[in-house]
Structure formats: structure tokens, C-alpha cells
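Chemist: As you go down the protein sequences, you meet chains A and B in turn. At position 31 of the first sequence (counting the first as 1) the number is 397 in my numbering, and the numbers step up by one without a gap. At position 360 of the second sequence (counting the first as 1) the number is 726 in my numbering, and the numbers step up by one without a gap. A virtual CB, placed ideally from N, CA and C, is assigned to each residue, including glycine. What follows is a structure written as C-alpha cells; I'll ask about it next.
2 protein chains.
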Amino acid sequence: MSEIHALHSMFYPKTVAMVGVSPNPQGWGGTSFLIRLLDIGFPGKIYPIHPKADKIQGLKAYPNVQSVPEPLDLVMIAVSAPNVPQILEDCIEAGAKNVHIFSSGFSETGEEEGIKLERQITEIIKRGNLRVIGPNCMGLYVPDSKLAAWGVKPAGTGHLAFLSQSGGHGEILTAYAQPFGVYFSKIISFGNACGLQVADYLDYLRQDPDTRFISIYLEGIKDGDRVVPLIKEINRTKPVIIWKGGMTEAGSRAVASHTGSLAGEGRIWDGFFKQTGAIRVNSLEEIIDVVLAFMYLKPCQGRQTLLLGGGGGNSVAFADICSRQGLEIPQLSEKTREELNAFIRLAGNSTRNPLDLWMIQTDVNLYRRVMEIVMADPAIDLAIVDRLAGFGNFDDDDGVSKEEREKTLNEVNDFLSEFAKNNPYGKPLVVSMNLYGSDLLLAGTSVQRRLEFIKSGVAAYPSLESAARAMFRFVNYHKFLAKQK
Amino acid sequence: MSEIHALHSMFYPKTVAMVGVSPNPQGWGGTSFLIRLLDIGFPGKIYPIHPKADKIQGLKAYPNVQSVPEPLDLVMIAVSAPNVPQILEDCIEAGAKNVHIFSSGFSETGEEEGIKLERQITEIIKRGNLRVIGPNCMGLYVPDSKLAAWGVKPAGTGHLAFLSQSGGHGEILTAYAQPFGVYFSKIISFGNACGLQVADYLDYLRQDPDTRFISIYLEGIKDGDRVVPLIKEINRTKPVIIWKGGMTEAGSRAVASHTGSLAGEGRIWDGFFKQTGAIRVNSLEEIIDVVLAFMYLKPCQGRQTLLLGGGGGNSVAFADICSRQGLEIPQLSEKTREELNAFIRLAGNSTRNPLDLWMIQTDVNLYRRVMEIVMADPAIDLAIVDRLAGFGNFDDDDGVSKEEREKTLNEVNDFLSEFAKNNPYGKPLVVSMNLYGSDLLLAGTSVQRRLEFIKSGVAAYPSLESAARAMFRFVNYHKFLAKQK
């Protein structure tokens with residue numbers, strides 16, 4: 367698409383005015399946005415707007431947007447709610463079309479005054495033909511253009527877009543995802559959506575070459591008729607992952623006091639997901655879980671899963687967990703079992719799926735031999751391998767030193783990293799970290815080992831449940847696409 | 367109960383013979399048991415049994431159990447499966463009644479030979495009127511009598527019993543629970559249960575004065591007719607918490623290769639839980655989650671929950687999570703909201719339930735004022751308060767230093783600890799730790815802050831989901847008891 371999208375200048379602004387900044391550097395809201403933009407090295411021009419101040423943060427201040435000497439690509443408004451209508455009128459007068467309203471105090475308060483104010487600004491936006499993000503939101507976070515003034519700094523530019531009706535979720539997701547090497551193309555916190563709607567943002571993200579995956583936190587939508595066909599179309603080339611908040615009655619009431627949206631009924635949303643093929647998740651972590659699968663795995667439509675952990679009790683739990691998430695745990699073929707039984711001692715081990723093989727956990731050669739045999743089994747579509755985070759305060763008293771044990775653990779992990787990426791069968795293999803979280807040391811070790819796997823290009827998960835859930839969704843997405851063809 | 371229970375001498379043995387120990391200290395199985403018993407300072411007499419050795423680990427060895435010069439309270443067998451029948455015959459000849467068979471290689475292998483061996487030992491046990499734990503299990507773990515030779519050493523004696531068809535689960539649970547100050551009265555890993563059955567152990571735990579809560583990991587039971595009425599009775603005074611493994615088809619197949627049990631059908635177990643009132647859980651962590659509630663909270667039958675976290679998006683998620691777990695999130699009374707609105711700024715905050723009050727998170731006085739008002743509301747039965755683990759790589763740029771922020775966080779936590787234990791309304795208040803787990807530092811901090819809460823006598827949970835789930839089960843238990851009366 368060679369034509370420049372109407373919203374492009376908002377995401378890559380050369381001139382930004384900030385209304386509602388204070389000469390006091392401790393000021394929250396607009397002032398903290400201004401300080402952070404300077405701090406991050408935003409390359410465009412910034413115009414602080416203040417009725418009296420000459421300079422703010424060393425920048426020349428202007429009394430209003432009309433007095434800024436050049437066209438404005440973006441106006442950020444952080445004044446108190448009752449003053450927002452006047453600023454919008456100023457924008458119309460100044461010919462500034464792109465606006466982000468940070469201010470809250472509108473319909474989300476549930477109070478008459480806020481509802482009235484929201485009606486008023488909606489009218490102004492329409493009349494002035496403004497492109498408005500918000501109100502009651504954090505606006506845009508674009509690492510690529512350094513328009514990224516939220517609490518967590520960008521650590522890189524990436525391919526995940528996040529469209530969110532909660533700014534807090536946007537900040538938390540950034541803090542959570544970046545250490546895993548999952549970076550963002552664009553994050554849009556759009557709040558009460560009095561101006562631009564979900565479909566407008568989606569239309570932008572559809573053509574954005576940096577965006578390969580689109581994640582969405584939604585409370586309610588006002589433009590369902592446009593959104594449904596758009597998502598259906600986009601989802602074919604850019605997987606769309608949606609967390610719909612407010613699905614319970616209590617959650618729906620909370621939505622009303624958050625963004626003033628109507629959350630809508632469960633079965634309407636069931637139909638929405640069925641029709642669009644969008645991937646349904648229930649938390650921010652689950653968004654990243656699914657994205658990791660898309661980043662690292664070859665497409666796969668089968669759900670027959672090999673489980674490899676250790677311990678008979680664990681095997682039962684693992685099989686239950688995966689089945690509940692919709693995966694299937696097939697029996698291995700006779701040939702596979704015969705090949706395994708040739709060198710696996712049956713007492714204390716099991717060569718059935720889930721494999722319960724303590725004896726290979728400390729021997730990378732045996733481990734490799736087992737993996738090569740079982741992944742070749744045509745009954746298997748994908749594998750989940752459960753790994754210990756470490757040994758913590760556990761002592762097996764079997765004469766093997768802790769150092770020796772750690773060394774073997776790492777050797778097997780190294781093999782798995784290689785095998786996950788290059789196994790000759792092209793079957794997805796993901797890792798889950800087995801951790802019981804009362805051990806201070808292991809809590810950190812588990813995250814660290816998970817980070818190591820992910821940074822080496824392996825989809826690794828904080829629990830078997832999260833691994834199984836992500837794999838089910840990944841497989842289902844590819845099945846949906848195949849059916850559409 | 368003044369009469370001594372038939373199983374007492376197994377749990378508090380004065381003489382133990384260990385069959386299947388090796389002079390080589392690296393030997394697994396029996397040898398590691400022996401070394402650990404010595405290490406922990408087991409006060410009874412230990413007799414290693416070995417066909418040739420004179421001494422093992424400095425103790426005089428005997429060629430067989432018959433040659434031990436005094437009556438044996440417990441014989442532990444760790445020889446290979448085909449040799450087990452002969453040792454059992456020796457026990458009968460020696461008049462030793464109490465036996466723990468560690469050895470595996472029986473029906474759980476699914477092989478003809480193992481199934482035949484299991485039939486053979488079952489016959490010997492019956493004929494000799496032996497009291498046998500196992501085979502294929504870790505046996506007893508009794509901190510009080512120092513018969514505790516598993517991988518994790520006892521850190522104290524406590525009131526939780528764990529009856530488990532998986533020894534691995536026993537070890538993991540010990541490692542997980544003890545750092546929280548949850549200690550054990552008795553752990554019993556009973557494996558394939560060819561001799562003593564679930565009901566026999568329950569009968570012992572019923573009268574055990576040290577046991578106040580009973581947790582069970584079950585794969586299948588052979589003596590359902592005795593177990594159901596027993597659990598129903600015990601549950602009235604000692605809450606019984608059960609994790610039933612193998613509830614899915616794949617899980618049920620895994621059960622077969624683990625302990626050779628038949629896992630049984632879902633609806634039979636549904637009926638079981640409905641009839642007995644036992645608390646159903648799905649993991650080891652969930653056992654401890656429920657136990658913490660019983661340890662620290664006053665009985666409560668209502669499920670109307672106050673939620674206090676922060677952030678509008680979080681409020682929606684919190685309400686959804688708690689509702690899905692079966693709790694209700696009622697609206698606060700007009701009176702309560704008026705009292706809150708008198709000092710809470712509505713823009714950016716919400717005085718509806720879930721409370722979304724960033725402004726009180728850094729002010730312990732405001733926090734206290736809010737808690738005192740909302741907990742007095744008759745619409746509220748209990749409260750879940752979500753707390754930040756810490757600040758990690760998050761920077762709010764609002765002029766507040768990290769040290770200052772940590773200080774306020776701790777002040778509010780201290781207030782909560784006090785208020786949870788002594789609030790004038792006697793309503794349960796539990797804490798959940800809010801953590802997104804990619805931050806190495808926060809992963810540890812979160813566990814540490816959770817430990818601090820728990821050690822100060824507050825039930826604290828690793829996530830809102832786990833807190834809500836535990837509270838629902840706790841409340842349901844008390845409702846069940848009330849209905850029975």
C-alpha cells in the first residue's frame with residue numbers, strides 16, 4: 367500500500383503540542399509525559415501549552431494551540447475534564463486534527479456531570495471532524511517514532527501491536543513482554559473511544575508493515591459492524607489475539623465504571639470469536655504465551671501431544687492438565703515403545719505417553735536418543751517438555767553433587783534448544799518450567815531459565831498449563847485458517 | 367481415644383530393619399533411606415539387612431530379618447521386585463507385621479510379569495496378616511518421630527497430614543509448604559496399595575491428635591465403601607482436601623501406568639464430593655492455598671467479596687476472575703459510597719466494588735480509612751486485597767523515589783497484616799500478590815513478600831485467581847457444615 371494512511375501522522379508526529387503541563391516537574395499527567403518524551407529523545411518538536419509560563423522544561427511555552435507557529439501533527443490534552451471542550455474548540459480553530467485526550471472524569475465516573483461532558487466532547491469531535499484518541503486513556507506508544515512516554519521505556523522495536531481499552535494493561539504488558547524479547551510495533555490505549563473507534567485503529571494496523579501480530583484488550587465496542595469483517599480479514603495474515611474483559615456480570619459492572627462501555631452478552635462474543643477466528647485469551651500473560659508460539663513455531667494443525675516430564679504423579683497431573691486444555695495425549699506406537707524399551711528400565715519409569723523417565727533427566731545422550739525416537743512417531747504432532755527450574759533446597763542424596771546436577775540440567779536444556787529449532791520432523795516443541803513457588807532462589811531461577819530458552823528462540827512457558835493452553839490456541843488458529851480455504 | 371491405634375508402631379517405630387541396602391554409600395533406594403535416617407538423628411534402632419556385609423554405614427548388618435535379635439516395628443523393603451515375595455515370607459517367619467515396600471516393578475508396569483508379582487505379594491500379605499504400605503511408594507514421613515528419610519528434611523512438626531498415591535508429590539509438597547510455615551503431622555505415600563488401604567490410613571489420621579487438616583492425592587481407591595462414610599465423618603472436624611488425579615481419559619491412562627489403579631468416572635467422583643463435603647482441588651499448590659485459609663481465618667459462610675486493587679483495567683479483570691471462581695462482587699451500600707466519595711477524587715478512581723483507588727496505595731492513612739469504612743458495609747462478607755510485589759523496572763516519573771515508594775508499600779502491608787488479624791468485623795481478609803513474571807528481581811520479591819504476610823499470620827496467595835479459588839472453597843466448606851447441622 368503506497369498511499370499514506372490517514373492516521374500515519376499521529377503515530378509518527380513531527381510536531382506535538384502538550385496541553386495541561388505544569389512548570390512544576392513533579393506534576394503528574396501532561397508534565398510527566400513531557401519529561402519522558404524529552405528523556406527518551408523524541409526527535410520531533412514539542413510545544414508546551416500553558417496560560418502563563420514562558421518556558422517549561424527548557425522549552426518555549428505557548429498560551430494556546432492557536433498560537434503555535436506551525437501545523438500540529440498531534441495535540442495531547444491533560445487538563446481537567448471540564449476544560450477539555452474548550453481545548454478541542456481551540457484545536458478546531460488551529461486546524462489541528464489529531465488529538466489524544468489523556469484527561470479522565472467523563473462517562474466512566476457514572477456521574478451526571480461526566481456523562482454530560484462526554485456528550486459535549488463527542489459533539490465537538492464530530493463537528494470539527496477531529497481524529498481523537500480517548501478520552502481517559504494513555505494514548506499512543508510507538509517505539510519506532512519515540513512517541514513512547516509511558517512508565518516503561520521501549521527496549522526495542524518489534525512486531526506486536528496492542529490495542530487496549532486500558533492504559534494500565536498497556537504499561538504492564540510492556541514491562542512483562544520486553545524482557546522476553548517481545549517488542550512492540552504500536553500500542554494504542556484508547557479509553558472511552560469518543561472519537562476514533564476500534565475499527566479505525568485496526569484499519570491502520572492492517573496496513574502497518576511493522577505489525578505482524580495484533581493483540582487487543584477490549585471492554586466494549588461501539589462499531590461492531592465494522593470490526594467483525596475487519597478482524598476476520600486481518601486474522602488471515604496477522605493473527606489477532608483478543609482479551610475481552612467484563613465477561614461476567616460483576617466484570618461487566620466494573621467495565622461501566624472503567625470506560626463507560628456496555629460489556630455485552632457472553633453468547634454474542636462466543637459468536638464473534640467463532641466467526642472471526644480471532645484467538646481468545648483471558649489475561650496479558652496469555653497474549654504473550656500465544657505470541658511466543660507464533661514467533662517461534664512452524665504452523666501445525668494437529669493436537670496429538672507428546673508429554674515428557676518426570677515422576678508418575680506428575681504424569682497423571684500433566685495428562686489431566688493438557689486434556690483439560692483441549693490437547694490430546696495419544697498412545698505411542700508399538701514400534702516406538704519397543705525401541706524405547708530396548709534401553710529404558712521399566713521399574714520406576716514409563717515409556718507410555720506421558721513419558722515418565724527419571725533415568726534420562728541426568729543424561730543428555732539418553733535424552734537425545736529418546737527424543738529422536740518419539741518425535742518420529744506419526745502419532746505425535748507436537749511436544750511439551752517439562753523442565754525443572756533447578757534444585758533449590760531439594761537433596762536427592764544419591765551421591766551426585768549440586769554442580770554436577772546443574773551441569774546436566776544445562777546440557778539437556780542446550781540440546782532441547784537446538785532440537786526445538788531444528789528437529790528433522792518440523793514438529794513444534796515447547797518447554798514448560800516446573801516450579802513450586804515457595805523457594806526464593808528457584809523463583810528467580812525459573813524466570814531466568816525461561817528467559818534463556820526464549821532468547822535462544824524456544825517458546826518456553828511458566829507452567830504446563832500455560833504451555834498447553836498456548837499450544838491449543840496455536841493449533842486451533844491454523845485449523846481455522848485451513849478450513850477457510 | 368486412650369487405646370493405641372494398630373498402626374501407631376509403624377509411625378513411631380523403635381526398631382527398623384532395612385532390606386535392600388548396599389555397602390556402597392552411592393546406592394539409591396534403601397541405602398539413601400538409611401543414610402538420611404542416620405543424618406536426621408532417628409532415635410530408634412536401625413538394622414541393615416544384607417546377605418554378606420558385616421557392617422553398613424557403621425551399623426552391624428544382618429543376613430535376613432529373622433536373624434535380627436529383637437522384634438521389628440517396621441521393615442522397609444527396597445530390593446528388586448522379583449525378590450520382594452521372599453522378603454515378605456521372611457517377615458512372616460520373623461513375626462514382623464509392619465512393612466513398607468519401596469520397590470517398584472509391579473502392576474504399574476502394565477507387563478505380565480509385574481501384574482503376576484503383584485498378585486503374588488497380595489496373597490502373601492493376606493496370608494501373613496501383614497500391614498503393608500505399598501509397593502511402589504515412598505512410605506512414611508513423620509517429622510515427630512524422625513521417621514522422615516525423604517529428599518526434603520522436616521523443618522518443623524505441624525498439623526497437616528498428606529495421604530498420597532504419589533511419593534513425588536509428597537516430596538514436592540514438603541519442599542513447597544515448609545517455607546510458608548506449613549508443617550506436617552504425617553505424610554503417607556502408599557503407592558499401589560496391595561496391603562493397607564486408604565480407609566486404614568484415614569482411620570489412623572482420624573484419631574491422630576497432631577493432625578488437624580487432611581490432604582489427599584488419590585488416583586483410585588479399592589475400598590470406596592469404607593472411605594466415603596469415613597471422610598464424611600472426619601471432614602466435620604478435620605477439613606479433608608482431595609486432589610483426584612486421572613480425571614481425564616488421558617490422565618486415567620497415565621494412572622494405569624503409575625499405580626495400576628482404575629481411575630473411575632467423573633460423575634462418580636462428583637457424587638463423592640457432593641456427599642462427603644470434602645474440598646476438591648487440582649494441584650499441590652491448591653492444597654496449601656486452602657490450608658492457609660483454615661489456619662488463619664475465622665469461619666465464614668458468605669461469598670460477597672470486596673476487591674481492592676488498582677487500575678481500571680485490573681478491576682474488570684479482577685471482577686471477572688473472582689466471579690469465575692464462584693465469588694460474588696456486590697455493590698457497596700449508598701452510605702459506604704457517600705462516606706468514600708467525601709474524600710476520594712472521582713477522576714481516575716472508582717469507589718465502586720472492585721475499588722480502583724490509586725490515590726490510597728501510597729498513603730497508609732487513607733488506606734486505613736477506606737478499609738475501615740468498606741469492611742463495615744453489611745454487603746461485604748470477606749475481602750481480597752491485591753498488592754504489588756514491588757516496582758522492578760517500572761518508573762512512574764512522578765517525583766517519588768523508589769525508596770519512598772517501597773517504604774509506603776511496606777507501611778500499607780504492615781497495616782494490612784494487623785487489620786487482617788484484628789479487624790473489628792471478624793471478616794476474612796486475604797492478600798494476593800500482583801506479579802507479571804518476567805522480572806527476575808520481582809519474581810523473588812513477590813515470593814518474599816508473600817512469605818512475610820504468611821509468617822505474620824495472613825493468608826496470602828501468589829495470584830488473585832488462587833486467592834479467589836481458595837476463598838470460594840473455604841466458604842463452601844463452612845456452608846456445607848452448616849447445612850449438615
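What ranges does the alpha helix (DSSP H) occupy inside the stretch 381-444 of chain B, keeping only unbroken runs of at least 4 residues that lie completely in it?
Modeler: Taking only runs of at least 4 residues, the alpha helix (DSSP H) segments lying wholly in the stretch 381-444 of chain B are 396-406.
Chemist: So Val751 (chain B) contacts chain A; which residues on that side make the cut at Cβ distance below 7 Å?
Modeler: By 1-based counting over the second sequence, the position of residue 751 (chain B) is 385. Ordered by position in chain A, no residue passes the 7 Å Cβ test against Val751 (chain B), which lies about 16 Å from the chain.
Chemist: Give a yes or no on whether the minimum CB-CB distance between Asp686 (chain B) and chain A is below 8 Å.
Modeler: The count along the second sequence starts at 1 and reaches residue 686 (chain B) at position 320. So, interface residue.
Chemist: 8 Å is my cut-off, CB to CB: does Ala616 (chain B) come that close to chain A?
Modeler: In the second sequence, the residue the question calls residue 616 (chain B) occupies position 250. Yes, Ala616 (chain B) lies at the interface with chain A (some Cβ there is under 8 Å from its Cβ).
Chemist: Sorted by chain position, which residues of the same chain lie with C-beta nearer than 6 Å to Leu674 (chain A)'s C-beta, five sequence neighbours on each side aside?
Modeler: Counting from 1 along the first sequence, the entry for residue 674 (chain A) is found at position 308. Taken in chain order, the residues that qualify are Leu721 and Val751.
Chemist: Which residue or residues does DSSP assign as beta-bridge partners of Gln670 (chain A)?
Modeler: As a first step, residue 670 (chain A) must be located in the first sequence, where it is residue number 304. DSSP lists A:Glu694 as partners of Gln670 (chain A).
Chemist: In whole angstroms, what is the alpha-carbon distance linking Asn449 (chain A) and Ala543 (chain B)?
Modeler: The sequence position of residue 449 (chain A) within the first sequence is 83, counting from 1. The sequence position of residue 543 (chain B) within the second sequence is 177, counting from 1. The alpha-carbon atoms of Asn449 (chain A) and Ala543 (chain B) are separated by roughly 55 Å.
Chemist: At a Cβ threshold of 8 Å, is Leu712 (chain A) touching chain B?
Modeler: Residue mapping note: residue 712 (chain A) aligns to position 346 of the first sequence, counting from 1. By this cut-off, Leu712 (chain A) is an interface position.
Chemist: Consult DSSP for Leu584 (chain B) and reduce its assignment to one of helix, strand or coil.
Modeler: Taking the first residue of the second sequence as position 1, residue 584 (chain B) is located at position 218. The answer is strand: DSSP assigns Leu584 (chain B) an E or B state.
Chemist: Would Arg705 (chain B) count as contacting chain A if we go by Cβ distances under 8 Å?
Modeler: Residue numbering aside, residue 705 (chain B) sits at position 339 when the second sequence is read from its first letter. A small correction: the amino acid at residue 705 (chain B) is Glu; Arg does not occupy that position in the sequence shown. Taking Cβ atoms only, chain A never reaches closer than 8 Å to Glu705 (chain B), which makes this a no.
Chemist: Chain A partners of Met613 (chain B), CB-CB under 8 Å?
Modeler: Taking the first residue of the second sequence as 1, we reach residue 613 (chain B) at position 247. Chain A residues near Met613 (chain B): Asp686.
Chemist: So for Thr577 (chain B), helix, strand or coil by DSSP?
Modeler: Locating residue 577 (chain B) in the second sequence gives position 211, where the first residue counts as 1. It is coil, neither helix nor strand.
Chemist: Which stretch, first to last residue, makes up the beta strand (DSSP E) that contains Met799 (chain B)?
Modeler: If you number the second sequence from 1, residue 799 (chain B) lands on position 433. It spans Leu795 to Asn800 - the beta strand (DSSP E) in which Met799 (chain B) sits, taken as one unbroken run.
Chemist: Quick check on Pro417 (chain A): buried or exposed, where buried means 16 or more other Cβ atoms within 10 Å of its Cβ?
Modeler: For the purposes of this step, residue 417 (chain A) is taken as the residue at position 51 of the first sequence. Exposed, by the Cβ-count rule.
Chemist: With burial defined as no fewer than 16 other Cβ atoms inside 10 Å of the residue's Cβ, what is the status of Ile370 (chain A): buried or exposed?
Modeler: Taking the first residue of the first sequence as position 1, residue 370 (chain A) is located at position 4. Exposed.
Chemist: Excluding the 5 residues flanking Leu438 (chain A) on each side, which residues of the same chain have their C-beta closer than 6 Å to its C-beta?
Modeler: By 1-based counting over the first sequence, the position of residue 438 (chain A) is 72. Excluding sequence neighbours, Leu438 (chain A) sits near Thr381, Ala383 and Ala462.
Chemist: How would you list, in chain order, the residues of chain A whose beta-carbon sits under 7 Å from the beta-carbon of Pro720 (chain B)?
Modeler: As a first step, residue 720 (chain B) must be located in the second sequence, where it is residue number 354. The answer, in chain order, is Ala620.
Chemist: Can you check which of these residues, A:Ile490, A:Pro414 and A:Glu694, is closest to Gly424 (chain A) by C-alpha distance?
Modeler: Working through the first sequence from its first residue, we reach residue 424 (chain A) at position 58. Selected option, being the one with the closest Cα: A:Pro414.
Chemist: Quick one: is Arg633 (chain B) buried, meaning 16 or more other Cβ sit within 10 Å of its Cβ, or exposed?
Modeler: For the purposes of this step, residue 633 (chain B) is identified with residue 267 of the second sequence, where counting begins at 1. With fewer than 16 Cβ atoms within 10 Å of its Cβ, Arg633 (chain B) is classed as exposed.
Chemist: Beta-carbon of Val730 (chain A) versus every beta-carbon of chain B: anything under 8 Å?
Modeler: What you label residue 730 (chain A) is simply residue 364 of the first sequence in a count that begins at 1. Not an interface residue.
Chemist: Can you check whether the CB of Gly517 (chain B) is closer than 8 Å to the CB of Glu537 (chain B)?
Modeler: If you number the second sequence from 1, residue 537 (chain B) lands on position 171. If you number the second sequence from 1, residue 517 (chain B) lands on position 151. Yes.
Chemist: Which partner residues of Phe819 (chain B) appear in the DSSP bridge assignment?
Modeler: Along the second sequence, one-based indexing puts residue 819 (chain B) at 453. Its beta-bridge partners do not exist; DSSP assigns none.
Chemist: Exposed or buried, what is Asn707 (chain A) when buried is set at 16 or more other beta-carbons lying within 10 Å of its beta-carbon?
Modeler: Translated into positions along the first sequence, residue 707 (chain A) becomes position 341. So Asn707 (chain A) ends up on the exposed side.
Chemist: Give a yes or no on whether 8 Å exceeds the smallest Cβ distance from Ser368 (chain B) to chain A.
Modeler: For the purposes of this step, residue 368 (chain B) is taken as the residue at position 2 of the second sequence. Note that Ser368 (chain B) scores a pLDDT of 48, beneath 50, so its modelled location is shaky and nothing firm can be said.
Chemist: Going by CA-CA distance only, name the one from A:Ile406, A:Gly407, A:Val796 and A:Ala460 that's closest to Asn430 (chain A).
Modeler: Numbered from its first residue, the first sequence carries residue 430 (chain A) at position 64. Among A:Ile406, A:Gly407, A:Val796 and A:Ala460, the Cα nearest to that of Asn430 (chain A) belongs to A:Ala460.
Chemist: By how many angstroms is the C-alpha of Lys519 (chain B) removed from the C-alpha of Asn680 (chain A)?
Modeler: Here residue 680 (chain A) is taken as the residue at index 314 of the first sequence, counted from 1. Here residue 519 (chain B) is taken as the residue at index 153 of the second sequence, counted from 1. When rounded, the distance between both Cα atoms is 21 Å.
Chemist: So with CB distances below 9 Å, who are the chain B contacts of Ala419 (chain A)?
Modeler: Start at 1 with the first residue of the first sequence, and residue 419 (chain A) comes out as number 53. Those within 9 Å of Ala419 (chain A) in chain B number zero; the least Cβ separation is about 18 Å.
Chemist: By DSSP, does Trp724 (chain A) sit in helix, in strand, or in coil?
Modeler: Here the question's residue 724 (chain A) lines up with position 358 in the first sequence. Reduced to three states, the DSSP call for Trp724 (chain A) is helix.
Chemist: Could you name the residues of chain D that Glu477 (chain A) contacts, counting a contact when the two beta carbons are closer than 7 Å?
Modeler: Among the protein chains of the structure shown, namely A and B, there is no chain D.
Chemist: What first and last residue would you give for the alpha helix (DSSP H) that runs through Thr614 (chain A)?
Modeler: As a working note, residue 614 (chain A) is residue 248 in the first sequence. Where Thr614 (chain A) is concerned, there is no enclosing alpha helix (DSSP H), given that its DSSP letter is neither H nor E.
Chemist: Tell me, please, whether the stretch 577-584 of chain A touches the stretch 528-535 of chain A by the rule of three or more beta-carbon pairs shorter than 8 Å.
Modeler: Yes: the two stretches touch, three or more of their Cβ pairs being nearer than 8 Å.
Chemist: Is the shortest distance between the beta-carbon of Asn449 (chain A) and the beta-carbons of chain B less than 8 Å?
Modeler: As a working mapping, residue 449 (chain A) is identified with position 83 in the first sequence. False, the Cβ-Cβ gap to chain B never drops below 8 Å.
Chemist: Can you list the residues of chain B that Glu585 (chain A) reaches, using a CB-CB cut of under 7 Å?
Modeler: By 1-based counting over the first sequence, the position of residue 585 (chain A) is 219. Within chain B, the residues near Glu585 (chain A) are Val682.
Chemist: Assuming Arg493 (chain A) is part of the alpha helix (DSSP H), what are its boundary residues?
Modeler: What you label residue 493 (chain A) is simply residue 127 of the first sequence in a count that begins at 1. Counting along the chain, the alpha helix (DSSP H) containing Arg493 (chain A) begins and ends at Glu478 to Gly494.
Chemist: Since Ser690 (chain A) meets chain B, which of its residues come closer than 8 Å, beta carbon to beta carbon?
Modeler: Position 324 of the first sequence holds residue 690 (chain A). Residue identity differs from the one stated: residue 690 (chain A) is Arg in this sequence, not Ser. Going along chain B in sequence order, the residues near Arg690 (chain A) (Cβ under 8 Å) are Thr614.
Chemist: So, is Lys701 (chain B) buried or exposed, given that buried needs 16 or more other C-beta atoms within 10 angstroms?
Modeler: Indexing the second sequence from 1 puts residue 701 (chain B) at position 335. Label assigned to Lys701 (chain B): exposed.
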